[in-house]
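> In my numbering, the protein residues as written are 10 to 426. Ideal Cβ placement from N, Cα and C applies to all residues, glycine included. Predicted, not measured: the structure shown is a model, and the values here were computed from it.
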């Protein structure tokens with residue numbers, strides 16, 4: 010069950026909208042940056058596996074950073090997680106208004122974004138039970154859509170209409186193979202985020218030391234295999250230029266194959282995007298609510314609806330910020346901004362593990378070889394160097410806000426104590 014929980018968290022909407030953007034950065038060998046991103050994600054996953062099994066009742070990335078470095082750094086890690094969630098919802102809102110939606114009708118992107126995010130906020134405010142029931146159905150649909158793309162890609166190749174030569178085309182006119190691989194891996198990394206949230210359910214497993222690492226690594230490898238096959242199917246079936254130009258790249262595979270109405274697959278893709286945005290919106294609003302309860306964010310974010318007890322103020326605030334970001338950035342820029350924020354979190358997690366090695370606990374736990382957290386931290390730095398200047402500008406603005414709020418929160422905590 011833990012394996013499927015993590016797999017459902019990782020297998021999501023990102024690949025539905027980002028395959029074309031990855032192709033723009035890496036060329037036809039879309040599978041290569043997806044595999045590279047998987048390998049880099051596994052390095053940080055090893056650190057999470059040790060920390061989760063060492064502190065199975067802990068509060069995730071923020072807690073590990075607090076234990077290792079103190080409350081200010083812990084707050085910064087939590088704030089980056091919150092900001093990454095808000096940015097992710099914005100990216101998915103932009104993706105929702107692209108070619109998948111225009112298969113049915115064409116509306117101004119601004120209007121679609123506003124209506125989409127408002128509807129998500131209302132469903133979020135209605136209650137988490139309704140949202141999670143919708144998630145179960147949506148997860149089955151979105152995984153089915155990915156498997157359909159793989160099958161259609163194979164069919165196109167077998168009937169002689171595909172081009173397997175594109176699968177070795179790594180690089181663009183501006184970038185050589187290595188630079189293209191790393192640049193594509195930044196965007197591909199977005200497709201693997203979600204595994205870090207599984208720390209919140211580790212304590213509910215019977216034997217976290219045994220089950221959590223197996224479930225975590227198994228789910229990531231499964232997701233990586235599916236993503237690589239989807240990337241290969243799309244690249245072999247559709248010319249790279251067409252993938253790059255489309256905001257619904259997997260829809261191009263369906264059109265090239267024939268036999269499946271594009272409207273059907275577009276509906277599947279829209280469900281996937283909406284589900285990813287809903288889950289991330291739930292996480293972001295609850296995280297903002299929890300941080301406000303702890304005095305780390307403004308107190309008005311703790312306000313809840315009288316009947317349903319859902320945090321309406323946190324939902325409204327995170328939704329409004331997602332709307333602002335969605336209206337001021339494209340999908341690729343927003344996805345890269347999310348990756349940058351998570352790289353900060355993952356760097357802190359990897360280095361926290363090294364610091365906390367001197368902390369002994371009274372039970373057995375998974376222990377990652379020391380080289381893995383070291384490589385995990387270095388991989389965060391490597392990917393950060395591949396992020397473009399305008400994305401860094403956005404990211405540094407967010408980090409500056411986090412630093413200011415962290416200083417205020419630390420001062421409040423000192424006064425309380």
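Please report the straight-line C-alpha distance between residue 239 and residue 421, rounded to a whole angstrom.
In the chain shown, the residue the question calls residue 239 occupies position 230. In the chain shown, the residue the question calls residue 421 occupies position 412. Computed Cα separation, rounded: 49 Å.
> Helix, strand or coil for residue 103 per DSSP?
By one-based count along the chain shown, residue 103 stands at place 94. If DSSP states are grouped into helix, strand and coil, residue 103 belongs with the helices.
> Residue 242 lies in the alpha helix (DSSP H); which residues open and close that run?
By one-based count along the chain shown, residue 242 stands at place 233. Where residue 242 is concerned, the enclosing alpha helix (DSSP H) stretches over 217–246.
> What is the residue span of the alpha helix (DSSP H) that residue 34 lies within?
Within the chain shown, numbered from 1, the residue matching residue 34 stands at position 25. Its alpha helix (DSSP H) spans residues 23–35.
> Between which two residues does the alpha helix (DSSP H) harbouring residue 272 extend?
Position 263 of the chain shown, counting from 1, holds the residue named residue 272. 271–302 is the extent of the alpha helix (DSSP H) around residue 272.
> Alpha carbons only, please: which of 30, 292, 234, 59 is nearest the one belonging to residue 363?
Along the chain shown, one-based indexing puts residue 363 at 354. Taking only the C-alpha atoms, the option nearest residue 363 is 59.
> Is DSSP giving residue 57 helix, strand or coil here?
One-based indexing of the chain shown puts residue 57 at position 48. Three-state result, residue 57: helix.
> To the nearest angstrom, how far is it from the Cα of residue 253 to the Cα of residue 25?
Walking along the chain shown from the start, residue 253 turns up at place 244. Walking along the chain shown from the start, residue 25 turns up at place 16. Roughly 13 Å separates the two Cα atoms.
> What did DSSP end up calling residue 396 once you bin it into helix, strand or coil?
Here residue 396 refers to the residue found at position 387 when the chain shown is read from its first residue. Here residue 396 sits in coil by DSSP.
> Quick check: what's the CA-CA separation for residue 255 versus residue 396?
Locating residue 255 in the chain shown gives position 246, where the first residue counts as 1. Locating residue 396 in the chain shown gives position 387, where the first residue counts as 1. Computed Cα separation, rounded: 22 Å.
> Taking the Cβ atom as the reference point for each residue, do residue 72 and residue 78 lie within a distance shorter than 9 Å?
The residue given as residue 72 occupies position 63 in the chain shown. The residue given as residue 78 occupies position 69 in the chain shown. Result no, Cβ atoms of residue 72 and residue 78 do not sit closer than 9 Å.
> Figure out for me which residue from 294, 390, 121 has the closest Cα to the Cα of residue 108.
Numbered from its first residue, the chain shown carries residue 108 at position 99. Answer by Cα proximity: 121.
> What does the Cβ neighbour count give for residue 342, buried or exposed, with the cut at 16 atoms within 10 Å?
Counted from its first residue, the chain shown places residue 342 at position 333. The residue is buried, with at least 16 neighbouring Cβ atoms inside 10 Å.
> With distances taken between CB atoms, is the gap from residue 39 to residue 224 smaller than 9 Å?
As a first step, residue 39 is located in the chain shown; it is residue number 30 there, counting from the start. As a first step, residue 224 is located in the chain shown; it is residue number 215 there, counting from the start. No, these two residues do not count as a Cβ contact at 9 Å.
> Find the nearest neighbour of residue 130 within the set 117, 99, 118, 116, judged by alpha-carbon distance.
On the chain shown, position 121 is the one that residue 130 refers to. Cα-wise, what sits closest to residue 130 is 99.
> I need the straight-line Cα distance from residue 403 to residue 409, nearest angstrom please.
As a working mapping, residue 403 is identified with position 394 in the chain shown. As a working mapping, residue 409 is identified with position 400 in the chain shown. Each residue's Cα considered, the two are about 10 Å apart.
> Note down the Cα distance separating residue 249 from residue 259, rounded to an integer number of angstroms.
Here residue 249 is taken as the residue at index 240 of the chain shown, counted from 1. Here residue 259 is taken as the residue at index 250 of the chain shown, counted from 1. About 12 Å.
> Excluding sequence positions up to five away, which residues of its chain have a Cβ less than 6 Å from the Cβ of residue 296?
As a working mapping, residue 296 is identified with position 287 in the chain shown. If we look at residue 296 and ignore the five residues flanking it on each side, its Cβ neighbours are 91.
> Out of 110, 48, 316, point me to the one whose CA is closest to residue 280's CA.
Numbered from 1 along the chain shown, position 271 holds the residue referred to as residue 280. Closest by alpha carbon: 110.
> Inspect the CB distances between the segment 190–202 and the segment 269–279 and report whether three or more fall short of 8 Å.
Taking 8 Å as the limit for Cβ pairs, the verdict is that the segment 269–279 does not touch the segment 190–202.
> If distances are taken between C-alpha atoms only, which option among 339, 208, 294, 336 comes closest to residue 318?
On the chain shown, position 309 is the one that residue 318 refers to. Ranking the options by Cα distance to residue 318, first place goes to 294.
> Is it the case that the segment 349–364 contacts the segment 33–48, given that we only count it when at least three CB pairs across the two stretches are under 8 Å?
Cβ pair count under 8 Å is below three, so no.
> Taking the beta carbon of residue 382 as the centre, do at least 16 other beta carbons fall within 10 Å, making it buried, or is it exposed?
Within the chain shown, numbered from 1, the residue matching residue 382 stands at position 373. Per the 10 Å Cβ criterion, buried.
> Please confirm whether residue 97 and residue 286 have their CB atoms less than 9 Å apart.
To locate residue 97, count along the chain shown from 1; it is residue 88. To locate residue 286, count along the chain shown from 1; it is residue 277. Contact flag set, yes.
> Enumerated in chain order, which unbroken segments of the alpha helix (DSSP H) with a length of 4 residues or greater are wholly contained in the segment 298–362?
Counting whole runs of 4 or more residues, the segment 298–362 contains the alpha helix (DSSP H) stretches 321–335.
> Would you call the CB atoms of residue 429 and residue 168 closer than 9 Å?
A query on residue 429 cannot be resolved here, the shown segment of the chain reaching from 10 to 426 and no further.
> Near residue 374, which residues of its chain fall below 7 Å by C-beta distance, leaving aside the five closest residues on each side in sequence?
Residue mapping note: residue 374 aligns to position 365 of the chain shown, counting from 1. Closer than 7 Å at Cβ, skipping near neighbours: 59, 62, 63, 218.
> So, is residue 10 buried or exposed, given that buried needs 16 or more other C-beta atoms within 10 angstroms?
Position 1 of the chain shown, counted from the start, is the residue given in the question as residue 10. Counting Cβ neighbours within 10 Å, residue 10 comes out exposed, since fewer than 16 surround it.
> Just reading off the alpha helix (DSSP H) that residue 72 is part of, what are its end residues?
Here residue 72 refers to the residue found at position 63 when the chain shown is read from its first residue. First-last of the alpha helix (DSSP H) with residue 72: 70–78.
> Let me confirm a value: residue 135 is counted as buried when at least 16 other C-beta atoms fall within 10 Å, else exposed. Which label applies?
On the chain shown, residue 135 is found 126 positions in, with the first residue counted as 1. Residue 135 comes out exposed.
> Using a Cβ-Cβ cutoff of less than 6 Å, which residues in the same chain neighbour residue 147 once the five nearest sequence positions on both sides are dropped?
By 1-based counting over the chain shown, the position of residue 147 is 138. Contacts found: 280, 284.
> Give the range of the alpha helix (DSSP H) segment to which residue 131 is assigned.
Within the chain shown, residue 131 is the residue found at index 122, counting from 1. That run of the alpha helix (DSSP H) goes 118–135.
> So what does DSSP say about residue 202, is it helix, strand or coil?
Along the chain shown, one-based indexing puts residue 202 at 193. Coil at residue 202, not helix or strand.
> In whole angstroms, give me the CA-to-CA distance for residue 186 and residue 117.
Numbered from its first residue, the chain shown carries residue 186 at position 177. Numbered from its first residue, the chain shown carries residue 117 at position 108. Roughly 38 Å between the two C-alpha positions.
> Going by Cα to Cα distance, which pick from 306, 282, 361 is closest to residue 27?
Counting from 1 along the chain shown, the entry for residue 27 is found at position 18. It is 282 whose Cα lies nearest to the Cα of residue 27.
> I'd like to know whether the C-beta atoms of residue 82 and residue 357 end up nearer to each other than 9 Å.
In the chain shown, counting from the first residue as 1, residue 82 sits at position 73. In the chain shown, counting from the first residue as 1, residue 357 sits at position 348. Yes.
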